[in-house]
Amino acid sequence: DMWSLGCILGEMLLGKALFPGTSTINQIEKIMSAIPNPSPEDVIAIRSEYGSSVIQRMLLKPQVPLEDLLQPSVPPDAIDLLKRLLVFNPDKRIT
1005 DMWSLGCILG
1015 EMLLGKALFP
1025 GTSTINQIEK
1035 IMSAIPNPSP
1045 EDVIAIRSEY
1055 GSSVIQRMLL
1065 KPQVPLEDLL
1075 QPSVPPDAID
1085 LLKRLLVFNP
1095 DKRIT
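The opening position of the sequence shown corresponds to residue 1005 in the working numbering, with each subsequent residue numbered one higher.
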């Protein structure tokens, strides 16, 4: 799927895992800090009270732009593609 392709592309550009988590929650924190915040509708669509509450808490944490995770030599077109692949809502990702 497109999300997986984004993770693979990110790893190729970075030379290591883009979101290396020490646990499931830690990995989700790393992802949520690097991608644009989901809309309220996206969070509601999770249909899990626990999942929604985890995402809501993570939205309060500071963002780290995806560009800051990558090397300065990464071409802008590659960053743009990565940003369009790593979108929270699968319906809003490029296909």
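Glycine is no exception: its CB is placed at the ideal position from the N, C-alpha and C atoms.
Owing to the predicted nature of the structure, the values given are computational and were not obtained by experimental measurement.
- The Cβ atoms of G1025 and L1086 lie no closer than 9 Å to each other.
- No residue range can be given for N1041, since it is assigned to no alpha helix (DSSP H) and is classified by DSSP as neither H nor E.
- Residue burial annotation: A1049 is exposed, with fewer than 16 other C-beta atoms found within 10 angstroms of its C-beta.
- Take I1035, set aside five residues on each side of it, and the residues of its chain with a beta-carbon closer than 7 Å to its own are F1023, in chain order.
- N1041 has its alpha-carbon roughly 9 Å from the corresponding atom of Q1067.
- Pairing S1056 with S1027, the inter-Cα distance amounts to about 18 Å.
- By the CB criterion at 9 Å, L1090 and L1018 fall outside the cutoff.
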